[in-house]
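Peer 1: Can you read through this structure? Questions will come right after.
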Amino acid sequence: MPKKIRLGILGGGGDSLIGVLHRVAAFINDNYEITGAVFNPKFEDSLAFAQEIDIPTNRIYKDFDTLVEEEMKLPKEERIQVCSILTPNFLHFPMAKKLLDNGFHVICEKPMTTTYDEAKILQGALKKAGTVFAVTHTYTGYPMARQMREMIKQGALGKIHKVDAQYYQGWINPIIHDPEKRKTTWRLNPEKAGISSCMGDIGVHAFNMVEYTTGLKVKKVLCDFNYLYDDNQMDVDGTALIRMGDHIKGVIRASQVATAEENGLAIAIYGDKAGLRWEQENPNFLYVLKEGEPMQVFKPGHPYNSKLSLDGTKLPPGHPEGIFDAMANIYLGVAKAIRGEKYNDGEFPTMLDGVRGLNFIQSTVDSHKKGNVWIDMD
Ligand SMILES: NC(=O)c1ccc[n+]([C@@H]2O[C@H](COP(=O)([O-])OP(=O)(O)OC[C@H]3O[C@@H](n4cnc5c(N)ncnc54)[C@H](O)[C@@H]3O)[C@@H](O)[C@H]2O)c1
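The letter at position 327 of the sequence shown is residue 326 when you use numbering that gives the first Met the number 0, and the numbering goes up by one with no holes.
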């Protein structure tokens, strides 16, 4: 049995949304142990949370710089090997850069950075470091999202001509109409969130799913944003037309003010032979659409699925697995990469996906600002 990988956690305190998802995901396949952390900006809060979840407090540090400094003093076989960055967006870049420069592996939340320029700097830092870098586009970890990728790779759709990805949430609707609340929500503050709210936070997931499932690259983007109040002009809604090649076109629709929508990520890809549709809120169903035939529904765990999909399923068919399992699949892929084991490149999103994400976000912002014009992506 290989030893557990020593994991550091940055952000993701008891007050956070995403922390529990990473902690549980790291635990699910028995590959990691939380060795050190800075869960919160206040040391007392970090310590109290470590005690609450019953992890040793001797490597809970007062801040990120101290974590790196103290860990670097330890022998390599005791040092944290990989850090998960789960803070608000503006801290991803400085933390990831310093971790890479000191030879750590990194698991970074999306969007990877707040600007495209920062993303390219990180890419350079990773080249020098030669470590493992994952970006947690969680939805790629679902067995049926993986199945979609593999079926498209095997040519199930024929020639793709239409792509439609939607990510609709409504949680900013009650916030945006309150002048005080819209001032204090970090996702609506460009200094903390970056150059975009809606596209940066969720549109980027939809974009990633488009490239992940099709294996194609978006080449051009034309985007229209919406904001609701002049004193906060961060986008809370946006629609991007995309072109992926000759006669391969589509749309990425994202909203944080789609009233009462919950986590409505859905993706449909259509080709000349068939179509595939998958919805995050019902992740165990992949719909296969064929002209003149009844719709088929693929489900996880059956031998008709690809190896990549089956590797992401732990229980026999009919035992629903969800978002914790999807993130756990990403952590499993990262563990294989850290241990130098073989893995499929569909097992976790990488630096390249992080850079593509920022290229997309920047292109949507530029397109909107220039009067809704087509922007070439790199
Ligand atoms: N992959 C996904 O599907 C997904 C879902 C939600 C959020 N996210 C991403 O995860 C990140 C965090 O989002 P969230 O919703 O959990 O935010 P949040 O505001 O709920 O939590 C942020 C956490 O970071 C801590 N923190 C802030 N500054 C810190 C510092 N200097 N040092 C240490 N900890 C610090 C806070 O105390 C808090 O515990 C964001 O980048 C977000 O985009 C990803």
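Using N, Cα and C, we set each Cβ at its ideal position, and we do this for glycine too.
For His367, count neighbouring C-beta atoms within 10 Å of its own C-beta (all shown protein chains included) and say buried if the count is 16 or more, exposed if not.
Peer 2: Locating residue 367 in the sequence shown gives position 368, where the first residue counts as 1. Buried, by the Cβ-count rule.
Peer 1: Could you round the C-beta distance between Phe132 and Met94 to whole angstroms and report it? I think they count as a contact, below 8 Å.
Peer 2: Locating residue 132 in the sequence shown gives position 133, counting from the first residue. Locating residue 94 in the sequence shown gives position 95, counting from the first residue. That belief does not hold up - the Cβ atoms of Phe132 and Met94 are roughly 12 Å apart, past 8 Å.
Peer 1: With a floor of 4 residues, list each alpha helix (DSSP H) that falls wholly inside the stretch 45-98, ordered by position along the chain.
Peer 2: The qualifying runs are 63-72.
Peer 1: From the DSSP output, in three-state form, read off Trp373 for me.
Peer 2: Reading the sequence shown from its first residue, position 374 is the one you call residue 373. Of the three classes helix, strand and coil, the one that applies to Trp373 here is coil, per DSSP.
Peer 1: Are there 16 or more other CB atoms within 10 angstroms of the CB of Pro110, so buried, or fewer, so exposed?
Peer 2: Numbered from 1 along the sequence shown, position 111 holds the residue referred to as residue 110. Pro110 is buried by the Cβ-count criterion.
Peer 1: For Phe103 and Ala144, I'd like the C-alpha separation in whole angstroms.
Peer 2: Stepping through the sequence shown from its first residue, residue 103 is reached at position 104. Stepping through the sequence shown from its first residue, residue 144 is reached at position 145. So the two alpha carbons sit approximately 29 Å from each other.
Peer 1: Considering only the alpha carbon of each residue, which of Gly270, Asp271 and Gly263 lies closest to Gln279?
Peer 2: Reading the sequence shown from its first residue, position 280 is the one you call residue 279. For the residues Gly270, Asp271 and Gly263, the minimum Cα distance to Gln279 belongs to Gly263.
Peer 1: Report the option in Asp200, Leu215, Glu340 and Glu149 whose CA atom is closest to the CA atom of Lys161.
Peer 2: By one-based count along the sequence shown, residue 161 stands at place 162. Out of Asp200, Leu215, Glu340 and Glu149, Leu215 has the C-alpha closest to the C-alpha of Lys161.
Peer 1: Of the choices Gln295, Leu307, Gln80 and Gly317, whose alpha-carbon is the least far from that of Lys3?
Peer 2: Taking the sequence shown and counting its residues from 1, the one referred to as residue 3 is at position 4. Nearest C-alpha to Lys3: Gln80.
Peer 1: For Met294, count neighbouring Cβ atoms within 10 angstroms of its own Cβ and tell me buried if that reaches 16, exposed if not.
Peer 2: Walking along the sequence shown from the start, residue 294 turns up at place 295. Exposed: under 16 other Cβ atoms inside 10 Å.
Peer 1: Is it right to say Asn371 is buried, meaning 16 or more other beta carbons lie within 10 angstroms of its own, or is it exposed?
Peer 2: Taking the sequence shown and counting its residues from 1, one reaches residue 371 at position 372. With fewer than 16 other Cβ atoms within 10 Å, it is exposed.
Peer 1: So the beta strand (DSSP E) His160 belongs to, where does it begin and stop?
Peer 2: As a position in the sequence shown, residue 160 is number 161, starting the count at 1. Where His160 is concerned, the enclosing beta strand (DSSP E) stretches over Ile159 to Tyr167.
Peer 1: When you compare the CB positions of Ile194 and Val354, do they come within less than 7 Å of one another, or not?
Peer 2: Looking up residue 194 in the sequence shown gives position 195. Looking up residue 354 in the sequence shown gives position 355. Against a cut-off of 7 Å, the Cβ pair of Val354 and Ile194 comes out as no contact.
Peer 1: Taking DSSP as the reference, what is the three-state secondary structure of Leu125?
Peer 2: Here the question's residue 125 lines up with position 126 in the sequence shown. Helix, per DSSP.
Peer 1: What is the DSSP secondary structure of Thr114, counted as helix, strand or coil?
Peer 2: Locating residue 114 in the sequence shown gives position 115, counting from the first residue. Assigned with DSSP and collapsed to three states, Thr114 falls in coil, not helix or strand.
Peer 1: Would Trp185 be called buried (16 or more neighbouring beta carbons within 10 Å of its own) or exposed?
Peer 2: Within the sequence shown, residue 185 is the residue found at index 186, counting from 1. Exposed: under 16 other Cβ atoms inside 10 Å.
Peer 1: Name the DSSP bridge partner or partners of Gln295?
Peer 2: Here the question's residue 295 lines up with position 296 in the sequence shown. Answer by DSSP bridge pairing, in chain order: Val287.
Peer 1: With distance defined between alpha-carbon atoms, name the residue in Phe347, Gly356 and Asp271 nearest to His246.
Peer 2: Along the sequence shown, read from residue 1 onward, the residue named residue 246 stands at position 247. Of the listed residues, the one whose Cα sits closest to His246 is Asp271.
Peer 1: What do you reckon, are the CB atoms on Gly123 and Ile360 nearer than 7 Å?
Peer 2: Position 124 of the sequence shown holds residue 123. Position 361 of the sequence shown holds residue 360. No, they are not a contact pair.
Peer 1: Kindly give me the distance between the Cβ atoms of Ala20 and Phe347, rounded to whole angstroms, as I take these residues to be in contact under 8 Å.
Peer 2: Position 21 of the sequence shown, counted from the first residue, corresponds to residue 20. Position 348 of the sequence shown, counted from the first residue, corresponds to residue 347. Just to set this straight, residue 20 is Leu in the shown sequence, not Ala. Not quite, the Cβ-Cβ distance comes to about 15 Å (not below 8 Å), so this is no contact.
Peer 1: Kindly indicate which residue of Leu46, Val37 and Phe92 has the alpha-carbon position closest to the one of Glu69.
Peer 2: Position 70 of the sequence shown, counted from the start, is the residue given in the question as residue 69. The option with the nearest alpha carbon to Glu69 is Val37.
Peer 1: For my contact list, Ala25 and Leu6 are in at a C-beta cut-off of 8 Å; report their separation, rounded to the angstrom.
Peer 2: Reading the sequence shown from its first residue, position 26 is the one you call residue 25. Reading the sequence shown from its first residue, position 7 is the one you call residue 6. So it is a contact: roughly 6 Å between Cβ atoms.
Peer 1: Considering just the uninterrupted stretch of the alpha helix (DSSP H) at Asp365, what are its terminal residues?
Peer 2: Sequence index remark: in the sequence shown, residue 365 carries index 366 (1-based). From DSSP, the alpha helix (DSSP H) with Asp365 extends over Met350 to Lys368.
Peer 1: Can we count Asp382 as close to ligand 1, meaning its CB is less than 6 Å from some heavy atom?
Peer 2: What is shown of the chain runs 0 to 377, which leaves residue 382 out entirely.
Peer 1: Within 10 angstroms of its Cβ, does Phe284 collect 16 or more other Cβ (buried), or is it exposed?
Peer 2: In the sequence shown, residue 284 corresponds to position 285, counting from 1. So Phe284 counts as exposed.
Peer 1: Pick from Tyr138, Leu125, Glu261 and Leu85: whose alpha carbon is nearest that of Asn328?
Peer 2: Counting from 1 along the sequence shown, the entry for residue 328 is found at position 329. Nearest in C-alpha terms to Asn328, of all of Tyr138, Leu125, Glu261 and Leu85, is Tyr138.
Peer 1: Under 6 Å: does the beta carbon of Val37 sit that close to some heavy atom of ligand 1?
Peer 2: Within the sequence shown, residue 37 is the residue found at index 38, counting from 1. Flag set: Cβ of Val37 near ligand 1.
Peer 1: Please identify the residue among Val105, Gly356 and Tyr211 whose C-alpha is closest to the C-alpha of Ala267.
Peer 2: As a first step, residue 267 is located in the sequence shown; it is residue number 268 there, counting from the start. For the residues Val105, Gly356 and Tyr211, the minimum Cα distance to Ala267 belongs to Tyr211.
Peer 1: Tell me whether Val108, by its Cβ, gets closer than 6 Å to a heavy atom of ligand 1.
Peer 2: Within the sequence shown, residue 108 is the residue found at index 109, counting from 1. Note on identity: in this sequence residue 108 is Glu, with Val being the wrong assignment. Yes, since a heavy atom of ligand 1 falls inside the 6 Å radius drawn around the Cβ of Glu108.
Peer 1: The beta strand (DSSP E) spanning Ala383 covers which residue range?
Peer 2: Nothing can be reported for residue 383: it is not among the residues displayed for the chain, which extend from 0 to 377.
Peer 1: So what does DSSP say about Asp29, is it helix, strand or coil?
Peer 2: Working through the sequence shown from its first residue, we reach residue 29 at position 30. Asp29 falls in the coil class under three-state DSSP.
Peer 1: Considering Cα atoms alone, identify which of Ser305, Met243, Gly237 and Asp29 is closest to Met376.
Peer 2: Position 377 of the sequence shown, counted from the first residue, corresponds to residue 376. Taking Met376 as reference, the option from Ser305, Met243, Gly237 and Asp29 with the minimal CA-CA separation is Met243.
Peer 1: Grab the span of the beta strand (DSSP E) containing Ile251 for me, first residue to last.
Peer 2: Reading the sequence shown from its first residue, position 252 is the one you call residue 251. Where Ile251 is concerned, the enclosing beta strand (DSSP E) stretches over Ile247 to Ser254.
Peer 1: Give the C-beta separation of Phe92 and Leu73 to the nearest angstrom, bearing in mind that I take them to be a contact with Cβ-Cβ under 8 Å.
Peer 2: Reading the sequence shown from its first residue, position 93 is the one you call residue 92. Reading the sequence shown from its first residue, position 74 is the one you call residue 73. Incorrect: roughly 25 Å between the Cβ atoms, too far for contact.
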